[in-house]
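Engineer: The opening position of the sequence shown corresponds to residue 62 in the numbering used here, with each subsequent residue numbered one higher.
This is the structure, below, for whatever I ask next.
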Amino acid sequence: MSQGSPGDWAPQDPTPGPPAPPNPFVHELHLSRLQRVKFCLLGALLAPIRVLLAFIVLFLLWPFAWLQVAGLTEEQLQEPITGWRKTVCHNGVLGLSRLLFFLLGFLRIRVRGQRASRLQAPVLVAAPHSTFFDPIVLLPCDLPKVVSRAENLSVPVIGALLRFNQAILVSRHDPASRRRVVEEVRRRATSGGKWPQVLFFPEGTCSNKKALLKFKPGAFIAGVPVQPVLIRYPNSLDTTSWAWRGPGVLKVLWLTASQPCSIVDVEFLPVYQPSLEESKDPTLYANNVQKVMAQALGIPATECEFVGSLPMIVVGRLKVALEPQLWELGKVLRKAGLSPGCVDTGAEPSRSRMIGQEEFARQLQLSDPQTVAGAFSYFQQDAKGLVDFRDVALALAALDGGRNLEELTRLAFELFAEDQAEGPGRLLYRDGFSTILHLLLGSPRPAATTLHAELCQEAPSQGLSLCQFQNFSLHDPLYGKLFSTYLRPTHTPRGTSQIPNATSPGSPTALANGTMQAPKQKDD
62 MSQGSPGDWA PQDPTPGPPA PPNPFVHELH LSRLQRVKFC LLGALLAPIR
112 VLLAFIVLFL LWPFAWLQVA GLTEEQLQEP ITGWRKTVCH NGVLGLSRLL
162 FFLLGFLRIR VRGQRASRLQ APVLVAAPHS TFFDPIVLLP CDLPKVVSRA
212 ENLSVPVIGA LLRFNQAILV SRHDPASRRR VVEEVRRRAT SGGKWPQVLF
262 FPEGTCSNKK ALLKFKPGAF IAGVPVQPVL IRYPNSLDTT SWAWRGPGVL
312 KVLWLTASQP CSIVDVEFLP VYQPSLEESK DPTLYANNVQ KVMAQALGIP
362 ATECEFVGSL PMIVVGRLKV ALEPQLWELG KVLRKAGLSP GCVDTGAEPS
412 RSRMIGQEEF ARQLQLSDPQ TVAGAFSYFQ QDAKGLVDFR DVALALAALD
462 GGRNLEELTR LAFELFAEDQ AEGPGRLLYR DGFSTILHLL LGSPRPAATT
512 LHAELCQEAP SQGLSLCQFQ NFSLHDPLYG KLFSTYLRPT HTPRGTSQIP
562 NATSPGSPTA LANGTMQAPK QKDD
C-alpha cells in the first residue's frame with residue numbers, strides 16, 4: 062500500500078466536510094532570538110522577585126483560611142458560613158488573592174458582561190480551562206465554591222483554602238464519592254440562593270485554548286440554569302497554556318512571571334436556561350452549553366477528552382488515543398533490548414488463551430520483574446489477572462516492522478474473527494473489532510463498538526468479513542490513513558520497533574490539526 066507524504070493525505074471524497082478541529086492537547090511555544098534574550102534578562106531579574114513575593118502572599122492566606130473554619134464541627138460546615146467569619150475572612154482572602162495574581166504579573170483583569178445572582182444562576186461554568194492560573198476567574202466571581210480532588214486537602218495551604226471555600230470534594234479512589242458529589246451539587250444548586258454559586262471547569266483538564274474539550278455532565282446534573290464564563294489571555298505571547306504536551310509547570314510559571322504585564326479577560330455570557338429535555342439529560346445540556354461557549358469564543362467544540370490517563374482526539378466518527386499505549390509498550394520493550402519480531406507468539410486464531418504474568422515473561426523472554434510488570438499492565442486483564450495471548454500477539458506484530466499493513470490487518474482478523482453460527486466463513490464481531498481498535502489505535506471500546514454497529518448496518522449479519530474489515534482499515538479515505546499513520550509512520554526495517562512522534566507532520570496530531578479533511582459526518 063502506498064504511504065505517500067503527509068501533504069498527500071487528503072481523502073479523495075468529492076464532497077469533503079470541514080477540516081478536523083485543532084488538536085487541543087499540544088501547546089508549542091516558539092520564541093524568536095530577541096524574545097529569548099528578553100526572557101533571559103527578565104527571567105533573571107523580574108521572575109525570582111515576583112515568584113518569591115507571590116509565595117509569601119500565598120502563605121499569608123493561610124491564617125484567614127484557617128480562622129474561617131476554626132472551631133466549627135463537620136455538621137456546621139454542611140451549611141454556608143455567615144457572620145463575622147464570612148465578612149472578615151472572605152474579604153481577607155479575596156484581597157490577598159488579587160495581590161498574589163498581581164505579583165505574578167496579572168496587572169489587569171478585564172471583566173465584560175454582568176455576573177448573575179445566585180438565584181438566577183446557581184452554577185457557573187468556566188472555559189476554556191488552559192492553565193493553573195485559571196483560578197483567577199474566582200476573583201470577579203466573588204470566590205464561588207469549587208469542586209476539587211479530596212487528595213488536595215493534604216497539600217499545605219491549598220488544603221486550608223479548600224476548607225475555607227467549603228469545596229465539594231471528590232475522591233478518585235472511592236467509588237461512592239462521585240455519587241455523594243452529585244447529591245451535594247444538587248443540594249447546593251437547588252437551595253434557593255442559600256448557598257453561594259458553584260464554579261465548574263466542565264472540561265475537567267487543561268487544553269491549549271484552540272478548541273473546547275468535551276464538557277463533563279457534573280455541572281449540569283442539577284438541571285438548574287447556568288451562567289457560562291469565558292476566560293481569555295489576550296497577550297502577544299501565550300506563556301500561560303499548560304497542556305498535556307508542552308511546557309511544564311515551572312517553565313509556564315517562570316515565563317509568565319517574566320512578562321512585564323499579563324492580561325486576563327473574563328466575560329460573563331447570558332444565563333443559559335435549560336429546556337425540559339436538557340434538565341432531564343445532563344449530557345445533552347452539557348453539549349449545548351459547550352456549543353454556545355465555543356461559538357462565543359470563535360473556536361470549535363470538539364468531542365476530545367481524557368479517558369483515564371489518555372487524551373483522546375476525534376477522527377471521523379472514532380475516538381483514538383493521541384499516543385496509544387501500544388507506543389509506550391514499544392518503548393518499554395526497546396529499553397529492555399527486546400525485538401518484537403524475535404518473539405515466537407504462536408497464538409491460535411479465534412481461540413482465546415489466557416496467560417499470567419509468569420508465562421508472559423517466559424514468552425517474551427523478559428527477566429527483569431519491573432519490566433515484566435510494566436509491559437504486562439498494558440493489556441486488559443480479567444478478574445483473575447490474566448490477559449488474552451491474542452492481544453499480546455497482535456501488539457507484538459504491530460510493533461514488529463516485518464509485516465505490511467495488509468498482512469497485519471489479515472492477522473488481526475484471523476486472531477479475533479469467529480465462525481458464523483449459520484453459514485460458512487468467519488466474521489469479525491463487535492468484541493473482536495473493539496479489541497483490535499483498542500490495541501492498535503487506543504480507541505475506547507464503547508466508541509469502537511458504536512462504529513462497528515454503523516459498519517454492519519448494510520450487512521445482513523452483525524459481523525464484518527475480511528474484505529469488509531480491510532476495506533475499512535486499508536482503503537477508507539479517512540480510517541485507512543489513520544491506520545497507516547499509527548502503524549506505519551515511516552519505513553521501518555524488519556525486526557525493529559519504531560514509534561511515531563505525536564507532534565510530527567505525519568502524526569495523529571496532523572490528523573486532528575486538519576492536515577486531513579474528514580468526510581462529512583451525520584452530526585455536522
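Glycine included, each C-beta is placed from N, C-alpha and C at the ideal position.
(1) Using a Cβ-Cβ cut-off of 6 Å (strictly less than) and excluding sequence neighbours within five positions of residue 146, which residues of its own chain qualify?
(2) Can you tell me which residues form a DSSP beta bridge with residue 479?
(3) If we count Cβ pairs, one from each stretch, closer than 8 Å, do we get three or more for the region 247-254 versus the region 350-360?
(4) Would you mind reading off the limits of the alpha helix (DSSP H) that contains residue 245?
(5) Over the uninterrupted alpha helix (DSSP H) stretch that includes residue 450, give me the two end residues.
(6) Suppose the cutoff is 6 Å on Cβ atoms and the five residues either side in sequence are ignored; what does the same chain contact list for residue 269 look like?
(7) Might you give, ordered along the chain, the residues of its own chain that have their beta carbon closer than 7 Å to the beta carbon of residue 459, omitting 5 neighbours on each side?
(8) Excluding the 5 residues preceding and the 5 following residue 490 in the sequence, name in chain order all residues of the same chain whose CB lies nearer than 7 Å to its CB.
(9) Answer yes or no: the CB of residue 532 versus the heavy atoms of the ligand SAH, is any distance below 8 Å?
(10) Give me the Cα-Cα distance between residue 223 and residue 283, rounded to the nearest whole angstrom.
(11) Which whole-angstrom value is the C-beta distance of residue 288 and residue 261, which I expect to be below 8 Å?
(12) Step through the CB atoms of chain D and report whether any lies within less than 9 Å of the CB of residue 99.
(13) Exposed or buried, which one is residue 536 when buried takes at least 16 other CB atoms within 10 Å?
(14) Report the option in 264, 150, 119, 316 whose CA atom is closest to the CA atom of residue 218.
(15) Pop quiz: residue 265 and residue 194 are said to be a contact at Cβ under 8 Å. What is the actual Cβ separation, rounded to whole angstroms?
(16) Let me make sure I understand the geometry here. Which of 272, 167, 390 has the alpha-carbon closest to that of residue 291?
(17) Residue 167 and residue 323: beta carbons closer than 9 Å?
(18) If you draw a straight line from the alpha carbon of residue 424 to that of residue 488, how long is it in whole angstroms?
(19) How would you write the range of the alpha helix (DSSP H) that residue 430 sits in, first residue to last?
(20) Which complete beta strand (DSSP E) runs does the region 133-186 hold, if anything under 3 residues is left out?
(21) What whole-angstrom Cβ distance do residue 451 and residue 477 have, given they're in contact under 8 Å?
(22) Our contact map puts residue 332 next to residue 188 with C-beta atoms below 8 Å; I'd like the distance itself, whole angstroms only.
(23) Reducing DSSP to helix, strand and coil, say where residue 330 ends up.
(24) Check residue 89 in the structure and name its three-state DSSP category.
(25) With distances taken from CA atoms, which of 240, 434, 529, 259 is nearest residue 397?
(26) Is the region 367-378 close to the region 502-520, with three or more CB pairs under 8 Å?
(27) Using CA atoms only, rank isn't needed, just tell me which of 286, 529, 319 is closest to residue 179.
(28) Expressed to the nearest angstrom, what Euclidean distance is found between the alpha-carbon atoms of residue 532 and residue 177?
(29) On a Cα-Cα basis, can you pick out the residue from 464, 529, 465, 170 that is closest to residue 494?
(30) If I follow the unbroken beta strand (DSSP E) through residue 507, where does it start and stop?
(31) Please classify residue 351 as buried or exposed, where buried requires at least 16 other C-beta atoms within 10 Å of its C-beta.
(32) Give me, in chain order, the residues of the same chain whose beta-carbon lies closer than 7 Å to that of residue 127; leave out the 5 immediate sequence neighbours on both sides.
(33) How about residue 230 and residue 202: are their beta carbons less than 9 Å apart?
(34) Going straight from the alpha carbon of residue 139 to that of residue 211, what length do you get?
(35) As a quick exercise: from 526, 326, 227, pick the residue whose alpha carbon is nearest that of residue 197.
Structural biologist: Per the coordinate set shown:
(1) Within the sequence shown, the letter at position 85 stands for residue 146. Answer for residue 146: 129, listed in chain order.
(2) One-based indexing of the sequence shown puts residue 479 at position 418. Answer is 488, bridged to residue 479.
(3) Taking 8 Å as the limit for Cβ pairs, the verdict is that the region 350-360 does not touch the region 247-254.
(4) What you label residue 245 is simply residue 184 of the sequence shown in a count that begins at 1. Counted as a single uninterrupted DSSP element, the alpha helix (DSSP H) harbouring residue 245 occupies residues 238-250.
(5) Within the sequence shown, numbered from 1, the residue matching residue 450 stands at position 389. For residue 450, the uninterrupted alpha helix (DSSP H) run begins and ends at 450-460, by DSSP.
(6) Taking the sequence shown and counting its residues from 1, one reaches residue 269 at position 208. Cβ neighbours of residue 269 within its own chain (closer than 6 Å, five residues either side excluded): 85, 88, 302, 304.
(7) As a working note, residue 459 is residue 398 in the sequence shown. Take residue 459, set aside five residues on each side of it, and the residues of its chain with a beta-carbon closer than 7 Å to its own are 387, 469, 501, 548, in chain order.
(8) Numbered from its first residue, the sequence shown carries residue 490 at position 429. Hits under 7 Å: 479, 523, 524.
(9) The ligand SAH is not among the ligands present in this structure, which contains no ligands whatsoever.
(10) The residue given as residue 223 occupies position 162 in the sequence shown. The residue given as residue 283 occupies position 222 in the sequence shown. Separation of residue 223 and residue 283 (C-alpha to C-alpha, rounded to the nearest whole angstrom) is 22 Å.
(11) Position 227 of the sequence shown holds residue 288. Position 200 of the sequence shown holds residue 261. Separation of the CB atoms of residue 288 and residue 261 is rounded to 11 Å, and the pair is thereby denied contact status at 8 Å.
(12) Absent here is chain D; the protein component of the structure consists of one chain.
(13) Within the sequence shown, numbered from 1, the residue matching residue 536 stands at position 475. Counting other Cβ atoms within 10 Å of its Cβ, residue 536 stays below 16 and is therefore classed as exposed.
(14) As a first step, residue 218 is located in the sequence shown; it is residue number 157 there, counting from the start. Checked all of 264, 150, 119, 316; the closest Cα to residue 218 is 119.
(15) On the sequence shown, position 204 is the one that residue 265 refers to. On the sequence shown, position 133 is the one that residue 194 refers to. Rounded to whole angstroms, the Cβ separation of residue 265 and residue 194 is 17 Å, and the two are not in contact under 8 Å.
(16) Stepping through the sequence shown from its first residue, residue 291 is reached at position 230. That would be 272, whose Cα lies nearest to the Cα of residue 291.
(17) As a working mapping, residue 167 is identified with position 106 in the sequence shown. As a working mapping, residue 323 is identified with position 262 in the sequence shown. Against a cut-off of 9 Å, the Cβ pair of residue 323 and residue 167 comes out as a contact.
(18) Taking the first residue of the sequence shown as position 1, residue 424 is located at position 363. Taking the first residue of the sequence shown as position 1, residue 488 is located at position 427. Looking at the two C-alpha atoms, the distance is approximately 29 Å.
(19) Looking up residue 430 in the sequence shown gives position 369. Unbroken alpha helix (DSSP H) run through residue 430: 430-437.
(20) Fully enclosed beta strand (DSSP E) runs of 3 or longer: 167-173.
(21) Position 390 of the sequence shown, counting from 1, holds the residue named residue 451. Position 416 of the sequence shown, counting from 1, holds the residue named residue 477. Cβ atoms of residue 451 and residue 477 come within 8 Å of each other, at about 7 Å.
(22) Here residue 332 is taken as the residue at index 271 of the sequence shown, counted from 1. Here residue 188 is taken as the residue at index 127 of the sequence shown, counted from 1. In fact, because the Cβ distance is near 16 Å, the residues do not count as touching under 8 Å.
(23) Taking the sequence shown and counting its residues from 1, the one referred to as residue 330 is at position 269. Under the three-state reduction of DSSP output, residue 330 falls in the coil class, being neither helix nor strand.
(24) Here the question's residue 89 lines up with position 28 in the sequence shown. If DSSP states are grouped into helix, strand and coil, residue 89 belongs with coil.
(25) Residue mapping note: residue 397 aligns to position 336 of the sequence shown, counting from 1. From the listed residues 240, 434, 529, 259, the smallest Cα separation to residue 397 is found for 434.
(26) Touching, yes.
(27) Here residue 179 is taken as the residue at index 118 of the sequence shown, counted from 1. Relative to the Cα of residue 179, the nearest Cα in the group 286, 529, 319 belongs to 286.
(28) Counting from one through the sequence shown, the residue named residue 532 turns up at place 471. Counting from one through the sequence shown, the residue named residue 177 turns up at place 116. Roughly 54 Å between the two C-alpha positions.
(29) Taking the first residue of the sequence shown as position 1, residue 494 is located at position 433. Here the closest residue by C-alpha is 529.
(30) Translated into positions along the sequence shown, residue 507 becomes position 446. That residue, residue 507, is in no beta strand (DSSP E); its alpha helix (DSSP H) goes 506-516.
(31) Translated into the one-based positions of the sequence shown, residue 351 becomes position 290. Residue 351 is buried by the Cβ-count criterion.
(32) Stepping through the sequence shown from its first residue, residue 127 is reached at position 66. 221, listed in sequence order.
(33) Stepping through the sequence shown from its first residue, residue 230 is reached at position 169. Stepping through the sequence shown from its first residue, residue 202 is reached at position 141. Cβ distance not < 9 Å, so residue 230 and residue 202 don't count as in contact.
(34) Along the sequence shown, one-based indexing puts residue 139 at 78. Along the sequence shown, one-based indexing puts residue 211 at 150. For residue 139 and residue 211, the distance between alpha carbons rounds to 16 Å.
(35) Taking the sequence shown and counting its residues from 1, one reaches residue 197 at position 136. Nearest Cα to residue 197 within the set 526, 326, 227: 326.
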